[in-house]
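The next block holds one structure in the form of structure tokens; read it before the comments.
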Amino acid sequence: MSNISKTYEPQQFEKEIYAAWERDKNFHTTAEAEGAPYCIVIPPPNVTGQLHMGHALDETLQDILIRYHRMKGDNTLWMPGTDHAGIATQAKVEESLRAEGTNRYELGREKFLERVWQWKEKFGNRISYQLRTLGSSCDWERERFTMDKGCSAAVRKVFVQLYNEGLIYRGTRIINWCPKCNTALSDIEVEHETEQGHLWHLRYPFKDGSGYVEVATTRPETMLGDTGVAVHPDDERYKNLVGKTVILPLVNREMPLFADSYVDKEFGTGAVKVTPSHDPNDFEMGLRHNLEQVKVINNDGTMAEGLGKYSGLDRYECRKQIVADLEAGGFLVRVEDYEHAVGHCSRCHTTVEPLISKQWFVKMETLAAPAIEAVKSGKLQFVPERFTKIYVNWLENIRDWCISRQLWWGHQIPAWYCDDCGEMTVSETDIDECPHCHGKNLRREEDVLDTWFSSALWPFSTLGYPEETPELKKFYPTSVLVTGYDIIFFWVVRMVMMGLKFRGEVPFKHVFIHGLVRDELGRKMTKSLGNGIDPVEVIDKYGADSLRFMLVTGNTPGNDLRFYWSKVESARNFANKIWNASRFLLMNLEGFDATFKPTRKDLEFADEWIISELAKTIEAVTKNIDRFELGEAARFLNDFIWSEFCDYYIELTKARLYGSDARAKATVLFMLSTVLECTLRLLHPFMPFLTEIIHQKLPNTQGSIMLAPYPTVDELKDLMSDRDNIDELANVILGVFRTIRNLKSELGIDSRKKAAVVLKVTRAKYAEILHECTGYITALTFAEPVTFAEEKPAHAMSAVIDGVEIYLPLEGLIDTEKEIARLQKELDKLKKFAASTAGKLNNERFLSKAPAEVVQSEREKLSVTEEKISSLEQRINQLENL
RNA sequence: GGGGUUGUAGCUCAGAUGGUUAGAGUGCCUCGUUGACAUCGAGGAGGUCACAGAUUCGAGUUCUGUCAGCCCCACCA
2 MSNISKTYEP
12 QQFEKEIYAA
22 WERDKNFHTT
32 AEAEGAPYCI
42 VIPPPNVTGQ
52 LHMGHALDET
62 LQDILIRYHR
72 MKGDNTLWMP
82 GTDHAGIATQ
92 AKVEESLRAE
102 GTNRYELGRE
112 KFLERVWQWK
122 EKFGNRISYQ
132 LRTLGSSCDW
142 ERERFTMDKG
152 CSAAVRKVFV
162 QLYNEGLIYR
172 GTRIINWCPK
182 CNTALSDIEV
192 EHETEQGHLW
202 HLRYPFKDGS
212 GYVEVATTRP
222 ETMLGDTGVA
232 VHPDDERYKN
242 LVGKTVILPL
252 VNREMPLFAD
262 SYVDKEFGTG
272 AVKVTPSHDP
282 NDFEMGLRHN
292 LEQVKVINND
302 GTMAEGLGKY
312 SGLDRYECRK
322 QIVADLEAGG
332 FLVRVEDYEH
342 AVGHCSRCHT
352 TVEPLISKQW
362 FVKMETLAAP
372 AIEAVKSGKL
382 QFVPERFTKI
392 YVNWLENIRD
402 WCISRQLWWG
412 HQIPAWYCDD
422 CGEMTVSETD
432 IDECPHCHGK
442 NLRREEDVLD
452 TWFSSALWPF
462 STLGYPEETP
472 ELKKFYPTSV
482 LVTGYDIIFF
492 WVVRMVMMGL
502 KFRGEVPFKH
512 VFIHGLVRDE
522 LGRKMTKSLG
532 NGIDPVEVID
542 KYGADSLRFM
552 LVTGNTPGND
562 LRFYWSKVES
572 ARNFANKIWN
582 ASRFLLMNLE
592 GFDATFKPTR
602 KDLEFADEWI
612 ISELAKTIEA
622 VTKNIDRFEL
632 GEAARFLNDF
642 IWSEFCDYYI
652 ELTKARLYGS
662 DARAKATVLF
672 MLSTVLECTL
682 RLLHPFMPFL
692 TEIIHQKLPN
702 TQGSIMLAPY
712 PTVDELKDLM
722 SDRDNIDELA
732 NVILGVFRTI
742 RNLKSELGID
752 SRKKAAVVLK
762 VTRAKYAEIL
772 HECTGYITAL
782 TFAEPVTFAE
792 EKPAHAMSAV
802 IDGVEIYLPL
812 EGLIDTEKEI
822 ARLQKELDKL
832 KKFAASTAGK
842 LNNERFLSKA
852 PAEVVQSERE
862 KLSVTEEKIS
872 SLEQRINQLE
882 NL
């Protein structure tokens, strides 16, 4: 016997197994290989840091699908890689520079980027390590990075083409600005949160001295940039005042009072101060009414030049000062508490400042239309489906995407400005001469692209685009994208748009959405709460297989799950169960002829039954993986292995195993090996390490289990029973087991203590199987002897199940009164059930409208129940007459 | 202001297309260790499936409403 430890110790083998897989190139994929293409591109983790529990879930789901399809014989590719994560990574590196007492400006762009690349190497490697630890079977030879040569080429090509088609433009617009990250942000990088603030009511005097108009604001400091006051055109209160000139307090700027239907008559006084430079709505109104744009807040959040004593103040300092000054000047009417939504930078949480700036944008409308069409036509399917609505709704209300970032880490925008002629040139290749004037005074655009721009190309840039590689032809569109619902807008929609635009096809057929991994209290795992759990810590303690199994069990698509150490433990216990079942087999296998093959005649009922259960399990697992219900698939595996295989089948094999019949023993060893081997293959996508190491120890196996074929029902056909009612018979037998155990337990008899059992068969069709299985009954319930009788034994505990009455004759131990009461209780329950079933069957409408098979099954239920009732009544009667 | 989602055993969650007497894990109670496994085995208690209606022969499952929680989107100062 191979030396195999008594408990499952994943630390002993997981790392070696992974190394062997990699060494043997088991992950390797070529476009030329046979089989239908099955491809997943990994959602590239940010090189910012290390993987968290959410990644562990994401990778586990992908690896299950990948391993399953690889075993099924598909040409399977899992493309690994990482994302440069512009703002996040730059922020991290800047932080470390700060700790050294320097900053990126002192370092200069080039030196700074070197530092970031070093960072990337360090964390990129950590991520690869973690992915390996988890068992991820990606094709490492193809590992990619969003800023590698190929991705950069793809970005260039796409950018230039979109620019040439007018879908990328440069323009001065109001954008979201983060004063701390010092860059523009897209709309979705701004998180709105309700905050307790104030609403300051101000009065602005009319120039002609005829009084005031009252306005309200949540950001008083922006009043310095006011260039108008707006009212609704239909507002009777202001109709006569439209066209008047208003004097801006503190600044004394003259500005118009005008009408615009944007204004809500019901809100506040119905008059709005208009700051075109610092509010998106005001910006629009400003354009409509030709208002001056006065930018009063700088990019760093301080007040602009030319504002007198306010210049240079921080925006919030300025707010206090302005309020004080307005109050002093008699312009402050009142202040009220006010709850409103404020935008924050999704990266650093600083309050975002809307301001006017010249940026690069992608025009979204024309790109969005085909992306909407793709889900409506079913070419793209979300799992679960409800995310389709969220996706469509977002696309239908899409606005242009601000893609330029004032960062250094990222894809620098391929545009050059000529200082000689003032022209701008966008080019796929670097240029050193202005194509317009042939001047040499070129300046490259300093801005880089939003990280998500390169991520959007990931499904085809990783497959070789812009080259038309065999991989691109073979694997695009990819099969499924597995990701969390939190990045549908950031990433999924943009991949779909770019995929359709540049490949003419959706980038993936299915989007398999999962939820977030939360802590025990249901809170999001975040750095600030410090409640995150490192997957590697879990793996070190319990093994990757336990973590993986824990992450999929009980989880359904699109829903969050909670991390519980106790759940990891129970997954580990499951692994231990498999380990020990295997150990049991291996111990018994020692010295036995592994080539022996039994004939059909050698098989017993238990053998036929376990094959039938295994076949059902194969079907259920396969079906559920195919519909992305991995939690359900795992549940079927767990039930089969623990309950059917270990608790019943293994126990039922022991008589033959320890008996003297060599052929019977060989048969049983063959059966155990066959069932276990098949089960391991079925389980392999979920628990790759454990299944691999046991697979290697089993006889008659060769090579890695990950390259073995996935089980099919067909492979069991030689062992499949001819009986057409095997489930029904098994139910009877299992029912006998449970009932005897139950009776013994109620009597307080040790479950392992021998006790005689008498069976009275009430349905002839079960007689044969019951006689056949008396050994099983003894094995599992310590019933001995098991005898059959035509009459009801008098002094005995009894119970009745379908077709059999079960008696525990225990003269002297039975309290007749108690026994009658117990049976009476059971009888009442049955009568109640029979009454409800009879009720259905007496209902004409049920009979006429319900499907025939439903009616039939109700009839059978009733007749079975009535039989039981009659048995019980006889029994009670008999006891009463004792 | 719109939209989504959740509400099933003490706890965490499964229960696709409506049809067994609603399940699992964990926790709890009782019993059990010489032969795969105490990271275990046997048995048990515990649920008016949030509430109210509707559709249906039949609803945990479909529809409407209510309540409670969570989330996303949104340009009312």
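Final position of the first sequence in my numbering is 883; the numbers increase by one with none missing. Built from N, CA and C at the ideal position, the CB exists for glycine as well.
- Going by C-alpha positions, SER571 is about 57 Å away from LYS359.
- Between LYS598 and the set VAL94, VAL669, LEU168, the nearest pair of CA atoms involves VAL669.
- Secondary structure remark: continuous beta strand (DSSP E) runs of at least 3 residues inside the segment 716 to 803, in chain order: 756 to 762, 784 to 789, 797 to 802.
- Boundaries around ASN165 are those of the alpha helix (DSSP H), 150 to 165, since no beta strand (DSSP E) includes it.
- The beta carbon of HIS233 lies closer than 6 Å to those of VAL264, LYS266 in the same chain, with the five residues before and after it left out.
- Here the segment 166 to 186 does not lie against the segment 323 to 340, with fewer than 3 beta-carbon pairs under 8 Å apart.
- Excluding the 5 residues flanking it on each side, ASN743 has same chain C-beta neighbours closer than 8 Å at ALA800, in chain order.
- Classified as exposed, GLY813 has fewer than 16 neighbouring CB atoms from the shown chains inside 10 Å of its CB.
- In chain order, GLY533 place their CB closer than 6 Å to the CB of HIS53, counting only its own chain and leaving out the 5 sequence neighbours on each side.
- Distance from the CA atom of ILE694 to the CA atom of MET526, rounded to whole angstroms, is 33 Å.
- Here DSSP, grouped into helix, strand and coil, assigns GLN13 to helix.
- If you draw a 10 Å sphere on the C-beta of GLU854, you find fewer than 16 other C-beta atoms in it, and that means exposed.
- Around the beta carbon of PHE268, a 10 Å sphere encloses fewer than 16 other beta carbons of the protein chains shown; the residue is thus reported as exposed.
- GLY36 sits close to ASP75, with the two beta carbons spaced by under 8 Å.
- Every beta strand (DSSP E) stretch that sits fully inside the segment 365 to 435 and reaches 3 residues is listed by chain position as 382 to 384, 416 to 419, 425 to 427.
- Secondary structure of HIS511 (DSSP, three-state): strand.
- According to DSSP, MET526 shares a beta bridge with no other residue.
- Counting only runs that start and end inside the segment 627 to 682, the alpha helix (DSSP H) elements of at least 4 residues fall at 631 to 639, 652 to 659.
- In terms of CA proximity to PRO277, ILE357 leads the group GLY307, GLY210, ILE357.
- For HIS70, the enclosing alpha helix (DSSP H) begins and ends at 54 to 72.
- Within the segment 252 to 299, the complete alpha helix (DSSP H) segments of 4 residues or longer fall at 281 to 289, listed in chain order.
- Following the DSSP letters along the chain, one finds ASN843 in no beta strand (DSSP E) but inside the alpha helix (DSSP H) bounded by residues 817 to 843.
- A check of alpha carbon separations from LEU163 across LEU200, HIS202, LYS502 identifies LYS502 as the nearest.
- The residues ILE399, in chain order, have a CB closer than 8 Å to that of GLU366 in the same chain once the five nearest residues on each side in sequence are set aside.
- Its Cα nearest to that of THR389, the residue PHE513 stands out among PHE513, TRP361, ASP451, ASN291.
- Linking THR83 to TRP459 through their CA atoms gives a straight-line distance of about 10 Å.
- Shown here for ILE611: same chain residues with a beta carbon closer than 6 Å to its own, the five before and five after excluded, namely TYR650, VAL676 in chain order.
- Annotated three-state conformation of TYR39 is strand, per DSSP.
- Annotated three-state conformation of LEU308 is coil, per DSSP.
- DSSP, read as helix, strand or coil, puts ARG876 in helix.
- Put simply, the segment 686 to 693 touches the segment 538 to 548. At least three CB pairs are less than 8 Å apart.
- Here the alpha carbons of PHE641 and ILE815 stand approximately 38 Å from one another.
- When the Cα atoms are used, THR740 and MET798 turn out to be separated by approximately 11 Å.
- In this structure, LYS793 is the residue among GLU845, LYS793, ASP64 with its C-alpha nearest to the C-alpha of SER872.
- Taking the Cβ atoms as the reference, GLN91 lies roughly 33 Å from LEU381, outside the contact range of under 8 Å.
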